[in-house]
Amino acid sequence: MNRFAALLDRLAYEPSRNGKLRLMTGYFRDTPDPERGYALAAITGALSFRHAKPNIIRALIAERADPVLFELSWDYVGDLSETVALMWPARVGGGERTTLAATSSLSNVVTTLASLGKSDLPAQLAAWLDALDETGRWALLKLVTGSLRIGVSARLAKTAVAALGDKAPDEIELVWPGLKPPYTELFAWIEGRAGKPVNVDPAPFHPVMLSHAIEEADLAALDPSHFAAEWKWDGTRVQAVAGEANGRRVARLYSRTGEEISASFPDLTDALTVDGAIDGELLILRDGRVQSFNVLQQRLNRKTVNAKLLEEFPAHLRAYDLLAENGEDLRELPFAERRARLEQLVDRLDHARVDISPLVPFSTWDELIAARADPAAAGAGGDAEAVEGVMLKRLDARYLPGRPKGLWWKWKRDPHVIDAVLMYAQRGSGKRSSFYSDYTFGVWTAGENGDELVPVGKAYFGFTDEELNDIDRFVRNNTINRFGPVREVVHDAAKGLVLEVAFEGLQRSGRHKSGIAMRFPRISRLRWDKPPHEADRLETLQTMLRSEDAATSVRPLARAASAGADS
Amino acid sequence: MAYLKAMRPEDILKPTAAGLCSQIGGFHIDPVRPVERALITHGHSDHARAGHGAVLATQETLDMMRLRYGDDFAGSTQAIRYGEALKLGRTEVSFHPAGHVLGSAQICVAANAVRVVASGDYKDVADPTCLAFELVRCDAFITEATFGLPVFRHGDPRAEIAKLLNSVALFPERAHLLGAYSLGKAQRVIAMIRAAGYDKPIYLHGAMEAITRYYASRGIDLGDLRLVRDAKKAELAGTIALCPPSSLQDRWTRRFPDPVSAFASGWMRVRARARQRGVELPLVISDHADWDGLTATIAATGASQVWVTHGAEEALVHWCTMKGLAARPLNIVGYGDEDEGAAEIASAEAEA
Ligand SMILES: [Zn+2]
Ligand SMILES: [Zn+2]
Numbered sequence: 015m016n017r018f019a020a021l022l023d024r025l026a027y028e029p030s031r032n033g034k035l036r037l038m039t040g041y042f043r044d045t046p047d048p049e050r051g052y053a054l055a056a057i058t059g060a061l062s063f064r065h066a067k068p069n070i071i072r073a074l075i076a077e078r079a080d081p082v083l084f085e086l087s088w089d090y091v092g093d094l095s096e097t098v099a100l101m102w103p104a105r106v107g108g109g110e111r112t113t114l115a116a117t118s119s120l121s122n123v124v125t126t127l128a129s130l131g132k133s134d135l136p137a138q139l140a141a142w143l144d145a146l147d148e149t150g151r152w153a154l155l156k157l158v159t160g161s162l163r164i165g166v167s168a169r170l171a172k173t174a175v176a177a178l179g180d181k182a183p184d185e186i187e188l189v190w191p192g193l194k195p196p197y198t199e200l201f202a203w204i205e206g207r208a209g210k211p212v213n214v215d216p217a218p219f220h221p222v223m224l225s226h227a228i229e230e231a232d233l234a235a236l237d238p239s240h241f242a243a244e245w246k247w248d249g250t251r252v253q254a255v256a257g258e259a260n261g262r263r264v265a266r267l268y269s270r271t272g273e274e275i276s277a278s279f280p281d282l283t284d285a286l287t288v289d290g291a292i293d294g295e296l297l298i299l300r301d302g303r304v305q306s307f308n309v310l311q312q313r314l315n316r317k318t319v320n321a322k323l324l325e326e327f328p329a330h331l332r333a334y335d336l337l338a339e340n341g342e343d344l345r346e347l348p349f350a351e352r353r354a355r356l357e358q359l360v361d362r363l364d365h366a367r368v369d370i371s372p373l374v375p376f377s378t379w380d381e382l383i384a385a386r387a388d389p390a391a392a393g394a395g396g397d398a399e400a401v402e403g404v405m406l407k408r409l410d411a412r413y414l415p416g417r418p419k420g421l422w423w424k425w426k427r428d429p430h431v432i433d434a435v436l437m438y439a440q441r442g443s444g445k446r447s448s449f450y451s452d453y454t455f456g457v458w459t460a461g462e463n464g465d466e467l468v469p470v471g472k473a474y475f476g477f478t479d480e481e482l483n484d485i486d487r488f489v490r491n492n493t494i495n496r497f498g499p500v501r502e503v504v505h506d507a508a509k510g511l512v513l514e515v516a517f518e519g520l521q522r523s524g525r526h527k528s529g530i531a532m533r534f535p536r537i538s539r540l541r542w543d544k545p546p547h548e549a550d551r552l553e554t555l556q557t558m559l560r561s562e563d564a565a566t567s568v569r570p571l572a573r574a575a576s577a578g579a580d581s
Numbered sequence: 002m003a004y005l006k007a008m009r010p011e012d013i014l015k016p017t018a019a020g021l022c023s024q025i026g027g028f029h030i031d032p033v034r035p036v037e038r039a040l041i042t043h044g045h046s047d048h049a050r051a052g053h054g055a056v057l058a059t060q061e062t063l064d065m066m067r068l069r070y071g072d073d074f075a076g077s078t079q080a081i082r083y084g085e086a087l088k089l090g091r092t093e094v095s096f097h098p099a100g101h102v103l104g105s106a107q108i109c110v111a112a113n114a115v116r117v118v119a120s121g122d123y124k125d126v127a128d129p130t131c132l133a134f135e136l137v138r139c140d141a142f143i144t145e146a147t148f149g150l151p152v153f154r155h156g157d158p159r160a161e162i163a164k165l166l167n168s169v170a171l172f173p174e175r176a177h178l179l180g181a182y183s184l185g186k187a188q189r190v191i192a193m194i195r196a197a198g199y200d201k202p203i204y205l206h207g208a209m210e211a212i213t214r215y216y217a218s219r220g221i222d223l224g225d226l227r228l229v230r231d232a233k234k235a236e237l238a239g240t241i242a243l244c245p246p247s248s249l250q251d252r253w254t255r256r257f258p259d260p261v262s263a264f265a266s267g268w269m270r271v272r273a274r275a276r277q278r279g280v281e282l283p284l285v286i287s288d289h290a291d292w293d294g295l296t297a298t299i300a301a302t303g304a305s306q307v308w309v310t311h312g313a314e315e316a317l318v319h320w321c322t323m324k325g326l327a328a329r330p331l332n333i334v335g336y337g338d339e340d341e342g343a344a345e346i347a348s349a350e351a352e353a
């Protein structure tokens, strides 16, 4: 535990990407199996301990500290695990300390936690906390609550593992879904002691491919004959995977981040009767019509699934890519070929809950511009309301995890909507004074040490009372800093809250670090489903600003009118 | 027999706009505005200001004020030795080591057998650059609360020095740039580095040269000290250089080869604070008492009244109340009216 704690501690302070890689690679090289494998699992977020909830930790400290002093301390530090680690009473004497610390290796902690019953957990945690020093306590609590927040993405950790051998990080991504902690076969392969691990999961998640934003002005540089276009649906992206192992059929639904959500969508997993991995949009269809995102949200928010819910909110998969079929990996094939295979598969599946996202026919950009302006007339028909733009996909593009350049483009219908990440929240005034209701949000931009968020605006309306409650709770539970009435909330690549922000226009601003100010921004939707790293980038706003500049001669009146309506 | 009204601590000292004032003694302690007669606990700029009529302090504190403000920093000065008693008005005052920085003192003010101790800033752990904190039993104790929360437990500073020296050994090609407050912290850290057996030259930012030379002139062995401005970039590889915390982020750092940014402060106990400043190597070394030190000291003074200044008053007042002590915060002007975050950062930069 001590070495793992020291690694986390150093990673938390190390600002540079290369420095973090060096630290992790060094640790993986010098630490034996299975300890390093569990460390990798912890850093990539592959561990979760059912019973280890923050309230257990609060109960433990409540037995050991005055409640007022604890609240004041927590308020100051902002992070529960760190507060408890710092306040935990020191053992006097400490004679047995070293022996206990030695037995509480990370492997021991992980395997013990996995088998421990809920009632035994508090005493076990307390024994470990007594045995560890401050850094050890902090690391243990971070580990069991599953929020390391050390500024290391799963991708970076895999990159560090890849650097042990001569492997590319993508090679690890490809075998990763079939692997389990402590990853001994992965390390054996990387270090050249064994062959490549085979993917044994019959229905694994495939890391998704993402798109870049594009504007009308950018089209001229592209050749329309190289691209296919699809509607961009206003639902939530999922991956539906089915396969068979040892005579057992497995069908799973994953979120875009690889979280399994099968249990919430039995109506959809039942429909997956052919083997393959489909990338598509989860929608609610009623009488053959796509319902608004709000309707979908109501189903997504529901924890328990019952017959009534399934009937009122029938889930539907609109398929747009095929990543594997009958055990064959299709991701190396060009998009056009994958699309042809997808069409055949959906045909064969022949199920009312699964259809194909149609291609939007065009041969010139002008035709596509016209189609995007009027989806109803261009084939979307009665579903046009649910179209939020078009996707452009290069016909020859392989399916690459992450956000490769130049292959997939999203061209949103309403340019005045972006996905931003909540950075700071401030208490409101009047009847909202007990809520954190003023939000500062940011978008990604390249910084000295990789991508960082830069604030682009502040919004304090556009959400329902229920949503305000949810955001307020999120703010309180995820505060990392306090500045008087302002709280800074967690906002790294993996953790944070994505806000869809609608606004009336953009202006250049010397006051903002981003150089851009939004006119009348408001929260149009909460994207709990979206990981922060998928939020928009500053370049997207800069492009919007340029097209805005070009259009100002005709826009001011319309803007003034809508601005009036907002305030 | 003359009627002797029982003296209350607030008849001896009470907070005013200019700072703690003793009407019956005719003086202020650490006043924040110019006054006729000032008693100064120690040389830090929030306690020792220029422009008073007469100043009474330890010789070291007077020397430091002279160094910082020039010869005319006060109308007149008088040095007092630790333990020496002096009659001022209807009071008797004495100065006692506070263990905070060289020359720092707690000031005991007594009248009619009632004793009030204004401790200034203090710490109850060993510091090779100043006399150890001396416990003065009293009826009312005025304590600071810079680290007045139970999350502040500073630990053994020698372990932090070892962390620094390990990092220096690990990165021989890089310079270690250590932010430390110029008066006190810098010299203590240097003395501790020497005590740990490190005898290579240590480099100084120009802003801390005069005060560090002064410490050396008072017989504190700080070894071979050189100035950063006299060294070439390549020479600085593998070295330790000290600078004021505010210099850690400025252009000045470009003269170092791939510097590791370290900061010696009690604030480094809390991770978010260290990360906020971009510190890569946080060293938890404080010249203020930590939570355990504050509470142990308060209990040991035997005081039945505790007045709390400087920082996290609320938690310490709560602790005192639970122990049955009468406690209240002293809202000395200049504290508590700023944005919480800004005040914290500012005070971390000032002296922590
Ligand atoms: Zn001081
Ligand atoms: Zn002070």
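Top to bottom, those sequences are chains A and B. The numbering used here puts the first residue of the first sequence at 15, with every later residue one more than the last. The numbering used here puts the first residue of the second sequence at 2, with every later residue one more than the last. We put the CB at the ideal spot given by N, CA and C, even for glycine.
Rounded separation between residue 194 (chain A) and residue 270 (chain A) - CA only: Here residue 194 (chain A) refers to the residue found at position 180 when the first sequence is read from its first residue. Here residue 270 (chain A) refers to the residue found at position 256 when the first sequence is read from its first residue. Cα to Cα, the separation comes out at about 20 Å.
Straight-line gap, residue 286 (chain B) to residue 325 (chain B) (C-alpha atoms, nearest Å): Sequence index remark: in the second sequence, residue 286 (chain B) carries index 285 (1-based). Sequence index remark: in the second sequence, residue 325 (chain B) carries index 324 (1-based). Cα to Cα, the separation comes out at about 31 Å.
Residue 47 (chain B): CB within 8 Å of a non-hydrogen atom of ligand 1: As a working mapping, residue 47 (chain B) is identified with position 46 in the second sequence. Yes.
Residue 494 (chain A): contacting residues in chain B (beta-carbon distance under 8 Å): Along the first sequence, read from residue 1 onward, the residue named residue 494 (chain A) stands at position 480. Going along chain B in sequence order, the residues near residue 494 (chain A) (Cβ under 8 Å) are 273.
Check whether residue 476 (chain A) and residue 454 (chain A) have beta carbons under 9 Å apart: Stepping through the first sequence from its first residue, residue 476 (chain A) is reached at position 462. Stepping through the first sequence from its first residue, residue 454 (chain A) is reached at position 440. In this structure, residue 454 (chain A) does not lie closer than 9 Å to residue 476 (chain A) by Cβ.
Euclidean distance between Cα positions of residue 516 (chain A) and residue 459 (chain A): Within the first sequence, numbered from 1, the residue matching residue 516 (chain A) stands at position 502. Within the first sequence, numbered from 1, the residue matching residue 459 (chain A) stands at position 445. Cα to Cα, residue 516 (chain A) sits roughly 20 Å from residue 459 (chain A).
Closest residue to residue 518 (chain A) among A:544, A:501 and A:559 (Cα-Cα distance): As a position in the first sequence, residue 518 (chain A) is number 504, starting the count at 1. Of the candidates A:544, A:501 and A:559, the one whose C-alpha sits nearest the C-alpha of residue 518 (chain A) is A:559.
Simplified DSSP state of residue 31 (chain B), which is helix, strand or coil: Taking the second sequence and counting its residues from 1, the one referred to as residue 31 (chain B) is at position 30. Residue 31 (chain B) falls in the coil class under three-state DSSP.
Where residue 495 (chain A) falls: helix, strand or coil (DSSP): Walking along the first sequence from the start, residue 495 (chain A) turns up at place 481. Note: residue 495 (chain A) maps to strand in three-state DSSP.
Reduced DSSP category for residue 258 (chain B) - H, G, I as helix; E, B as strand; rest coil: Residue numbering aside, residue 258 (chain B) sits at position 257 when the second sequence is read from its first letter. If DSSP states are grouped into helix, strand and coil, residue 258 (chain B) belongs with coil.
Residue 438 (chain A) vs residue 502 (chain A) beta-carbon contact at 9 Å: For this step, residue 438 (chain A) is matched to residue 424 along the first sequence. For this step, residue 502 (chain A) is matched to residue 488 along the first sequence. Contact flag set, yes.
Within chain B, partners of residue 29 (chain A) - CB distance below 7 Å: On the first sequence, position 15 is the one that residue 29 (chain A) refers to. Per Cβ cutoff of 7 Å: 279 and 281.
Run of the beta strand (DSSP E) containing residue 297 (chain A), from where it starts to where it stops: Taking the first residue of the first sequence as position 1, residue 297 (chain A) is located at position 283. First-last of the beta strand (DSSP E) with residue 297 (chain A): 290–300.
Three or more C-beta pairs below 8 Å linking the stretch 213–226 of chain A and the stretch 405–423 of chain A: yes
Residue nearest to residue 234 (chain B) in terms of C-alpha spacing, selected from B:311, B:154 and B:260: Taking the second sequence and counting its residues from 1, the one referred to as residue 234 (chain B) is at position 233. That would be B:260, whose Cα lies nearest to the Cα of residue 234 (chain B).
C-beta atoms of residue 297 (chain A) and residue 310 (chain A) nearer than 9 Å: As a working mapping, residue 297 (chain A) is identified with position 283 in the first sequence. As a working mapping, residue 310 (chain A) is identified with position 296 in the first sequence. Contact: yes.
Residue 20 (chain B) Cβ short of 8 Å to ligand 2 heavy atom set: Mapped onto the second sequence, residue 20 (chain B) falls at position 19. Because no heavy atom of ligand 2 lies under 8 Å away, the Cβ of residue 20 (chain B) does not count as near it: no.
Beta-carbon proximity list for residue 55 (chain B), same chain, < 8 Å, skipping 5 on both sides: Start at 1 with the first residue of the second sequence, and residue 55 (chain B) comes out as number 54. Same-chain partners within the cutoff: 37, 38, 39, 75, 76, 77, 78 and 79.
Integer-rounded CB distance, given that residue 129 (chain B) should sit under 8 Å from residue 192 (chain B): Position 191 of the second sequence, counting from 1, holds the residue named residue 192 (chain B). Position 128 of the second sequence, counting from 1, holds the residue named residue 129 (chain B). Right, the Cβ-Cβ distance comes to about 4 Å (below 8 Å), so this counts as a contact.
Rounded separation between residue 550 (chain A) and residue 31 (chain A) - CA only: For this step, residue 550 (chain A) is matched to residue 536 along the first sequence. For this step, residue 31 (chain A) is matched to residue 17 along the first sequence. Spanning the two alpha carbons is a distance of roughly 21 Å.
Contact check, residue 302 (chain B) vs residue 138 (chain B), beta carbons under 9 Å: Numbered from 1 along the second sequence, position 301 holds the residue referred to as residue 302 (chain B). Numbered from 1 along the second sequence, position 137 holds the residue referred to as residue 138 (chain B). Contact: yes.
CB-CB length for residue 41 (chain A) against residue 281 (chain B), believed under 8 Å: As a working mapping, residue 41 (chain A) is identified with position 27 in the first sequence. As a working mapping, residue 281 (chain B) is identified with position 280 in the second sequence. Actually they do not touch by this definition, with Cβ atoms about 17 Å apart.
Boundaries of the beta strand (DSSP E) in which residue 79 (chain B) is found, first to last residue: Here the question's residue 79 (chain B) lines up with position 78 in the second sequence. Residue 79 (chain B) -> beta strand (DSSP E) spans 75–80.
Status (buried if at least 16 other CB within 10 Å, exposed otherwise) for residue 27 (chain B): The residue given as residue 27 (chain B) occupies position 26 in the second sequence. Residue 27 (chain B) comes out exposed.
Residue span of the alpha helix (DSSP H) that contains residue 374 (chain A), given as start and end: Working through the first sequence from its first residue, we reach residue 374 (chain A) at position 360. Where residue 374 (chain A) is concerned, there is no enclosing alpha helix (DSSP H), given that its DSSP letter is neither H nor E.
Beta-carbon spacing of residue 47 (chain A), residue 414 (chain A) below 9 Å: Position 33 of the first sequence, counting from 1, holds the residue named residue 47 (chain A). Position 400 of the first sequence, counting from 1, holds the residue named residue 414 (chain A). Result no, Cβ atoms of residue 47 (chain A) and residue 414 (chain A) do not sit closer than 9 Å.
Residues of its chain near residue 29 (chain A), where Cβ-Cβ distance is below 7 Å and the 5 sequence neighbours each way are ignored: Here residue 29 (chain A) refers to the residue found at position 15 when the first sequence is read from its first residue. These residues qualify, in order along the chain: 463.
Local Cβ density within 10 Å of residue 109 (chain A), reported as buried at 16 or more and exposed below that: Within the first sequence, numbered from 1, the residue matching residue 109 (chain A) stands at position 95. The predicted model places residue 109 (chain A) with a pLDDT of 43, which falls under 50 and marks its position as unreliable, so this point remains unresolved.
Chain A within 9 Å of residue 150 (chain B), Cβ atoms only: Working through the second sequence from its first residue, we reach residue 150 (chain B) at position 149. Chain A contact via Cβ: present.
Closer than 9 Å to chain B by CB, residue 507 (chain A): Within the first sequence, the letter at position 493 stands for residue 507 (chain A). Taking Cβ atoms only, chain B never reaches closer than 9 Å to residue 507 (chain A), which makes this a no.
Three-state secondary structure assigned by DSSP to residue 108 (chain A): As a position in the first sequence, residue 108 (chain A) is number 94, starting the count at 1. Residue placement at residue 108 (chain A) is flagged as unreliable, the pLDDT there being 45, under the threshold of 50; a coordinate-derived value is accordingly withheld.
Beta bridge counterpart(s) of residue 226 (chain A) as assigned by DSSP: For the purposes of this step, residue 226 (chain A) is taken as the residue at position 212 of the first sequence. Paired residues: A:423.
Three CB pairs or more closer than 8 Å across the stretch 5–17 of chain B and the stretch 112–127 of chain B: yes
Extent of the continuous beta strand (DSSP E) to which residue 98 (chain B) belongs: Locating residue 98 (chain B) in the second sequence gives position 97, where the first residue counts as 1. First-last of the beta strand (DSSP E) with residue 98 (chain B): 92–98.
Members of the stretch 70–82 of chain A near chain B, C-beta cut-off 9 Å: 79, 80 and 82
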